[in-house]
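**Student:**
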Amino acid sequence: MNRRTLSALLGVVGAVATVAIWWLATENSTSVYFPPLSRILETAWEHWLSAEGRADIAASIGNLLSGLAIGVVLGIVVGVALGQVPLLHRALSPSIEFVRAIPATALLPFAMMLFGLGTEMKVFLIALGCVWPVLLNALDGTRSLEPTLRDTASVYGITGVRRQLNIVLPSAAPRIASGIRVAIPLSLILTVTSEMVGSHQGIGFVIVDAQNTFRITDMWSGVLLLGVLGFALTWLFGLAEKLLLPWEKRAERAL
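Counting from 1, position 235 in the sequence shown corresponds to residue 235 in the UniProt record's numbering; the numbering is continuous, with no gaps.
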């Protein structure tokens, strides 16, 4: 059995063991705050597969993907530009560090005043939080470009867009992927947070509404769904990373 198969098998065993422990520990629970896992799963099946539940899931995923896409694109563009223009990097570095230090959730009132309570507010908040890990990793990856690649590009006259697409981006891609991997769970957190205030749809709204009306099982079903979505998004990005960055995996195996 190779290492990859063993790792996957251990992951499955760990997940099954976690569910089994949770199931057995809560099966006879009479606590209002910690209902049995069997009841949570039953509630999740009934609510999230209904038309209303599917609409809430679609709204949350739409906001998440829109904000994440904007944050990733903006982070790559700005990070790659700053990484190749040292003067610009030095000029903007204090401002970037200042804005980055402000939690995105702290700007929720500002986003609400600027965009109201609609989809634009949620997408803005998600993009604002996701842009920083991508930007900083793109910046670091661009600045770490090997001198040999830079000199080779100069010798062969590879400049402009060709240089960015064939030299800079492939070299910085592993760092950018690391930034996106950090941004994915962050986007899920910001999606839920933005839906908990002044919203009437989405997973975050369902969770806070269930908490306010003491429907604790419904609340736990939403929390469980968020965990499943976070795992699914990270897993899908891992597959995409293997397809788009095959040279990185080959380098890891060589080490």
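In this text, a Cβ means the ideal position worked out from N, Cα and C, and glycines have one as well.
Computed from a predicted structure; not experimentally measured.
Which of the three DSSP states is assigned to threonine 159 in this structure?
**Tutor:** Three-state DSSP puts threonine 159 in coil, outside helix and strand.
**Student:** Less than 6 Å between C-beta atoms, sequence neighbours within five positions excluded: which residues of the same chain meet that for valine 78?
**Tutor:** Excluding residues within five positions, the ones whose Cβ falls inside 6 Å are Leu135.
**Student:** Exposed or buried, alanine 251, counting other C-beta atoms within 10 Å across all chains shown (16 or more means buried)?
**Tutor:** Annotation note: pLDDT 48 at alanine 251 (below 50); position unreliable, coordinate value reported separately. Result: exposed.
**Student:** Starting from the C-beta of glycine 230, find all residues in its chain whose C-beta is less than 8 Å away, skip the five residues before and the five after it, and write them out in chain order.
**Tutor:** Cβ within range, chain order: Ile184, Pro185, Leu188.
**Student:** Quick check: aspartate 56 and valine 228, are their CB atoms within less than 7 Å of each other?
**Tutor:** Not closer than 7 Å, so no.
**Student:** Can you tell me the Cα-Cα spacing of alanine 153 and arginine 143, whole angstroms?
**Tutor:** Roughly 15 Å separates the two Cα atoms.
**Student:** Would glycine 67 pass as a contact of alanine 127 if the rule is Cβ separation under 7 Å?
**Tutor:** Against a cut-off of 7 Å, the Cβ pair of alanine 127 and glycine 67 comes out as a contact.
**Student:** Please give me, in chain order, every unbroken run of the alpha helix (DSSP H) with length at least 4 that falls completely inside the segment 146 to 211.
**Tutor:** Whole alpha helix (DSSP H) segments, 4+ residues: 147 to 155, 160 to 163, 169 to 195.
**Student:** Let me confirm a value: leucine 255 is counted as buried when at least 16 other C-beta atoms fall within 10 Å, else exposed. Which label applies?
**Tutor:** With a pLDDT of only 45 at leucine 255, under 50, the local geometry of the prediction cannot be trusted, and the value read off the model is given with reservation. Exposed.
**Student:** Can you tell me whether glutamate 195 is buried or exposed? The criterion is at least 16 other CB atoms within 10 Å of its CB, across all chains shown.
**Tutor:** By the 10 Å Cβ count, glutamate 195 comes out buried.
**Student:** Per DSSP, what kind of secondary structure is phenylalanine 110 in: helix, strand or coil?
**Tutor:** Phenylalanine 110: helix per DSSP, three-state reduction.
**Student:** Give me the Cα-Cα distance between valine 192 and arginine 100, rounded to the nearest whole angstrom.
**Tutor:** Whole-angstrom Cα-Cα distance: 20 Å.
**Student:** Could you pull out every residue in the same chain whose Cβ sits closer than 7 Å to the Cβ of aspartate 140, ignoring the five residues on either side in sequence?
**Tutor:** Contacts found: Arg175.
**Student:** Short of 6 Å in beta carbon distance, which residues of its chain neighbour arginine 4, apart from the five on each side in sequence? Order them along the chain.
**Tutor:** Nothing listed; no residue qualifies.
**Student:** Closest to valine 32 by C-alpha separation, out of Glu241, Val182, Gln211, Lys242, would be which residue?
**Tutor:** Ranking Glu241, Val182, Gln211, Lys242 by Cα distance to valine 32 puts Gln211 first.
**Student:** Grab the span of the alpha helix (DSSP H) containing asparagine 28 for me, first residue to last.
**Tutor:** Unbroken run through asparagine 28: none, as it is neither H nor E.
**Student:** Taking 8 Å as the limit between beta carbons, can you name the residues of its chain near proline 35, skipping five residues before and five after?
**Tutor:** Excluding sequence neighbours, proline 35 sits near Thr26, Ser29, Ile216, Thr217, Trp220.
**Student:** Taking all protein chains shown into account, decide if lysine 132 is buried (16 or more other Cβ within 10 angstroms of its Cβ) or exposed.
**Tutor:** The sequence shown places tryptophan at residue 132, rather than the lysine named in the question. Answer is buried; the Cβ neighbour count reaches 16.
**Student:** With contact counted as at least three CB pairs below 8 Å, one residue from each stretch, are the segment 166 to 181 and the segment 69 to 88 in contact?
**Tutor:** Cβ pair count under 8 Å is three or more, so yes.
**Student:** Select from Leu225, Glu241, Leu236 the residue whose C-alpha is nearest the C-alpha of glutamate 42.
**Tutor:** If we check each option's Cα against that of glutamate 42, Leu225 comes out closest.
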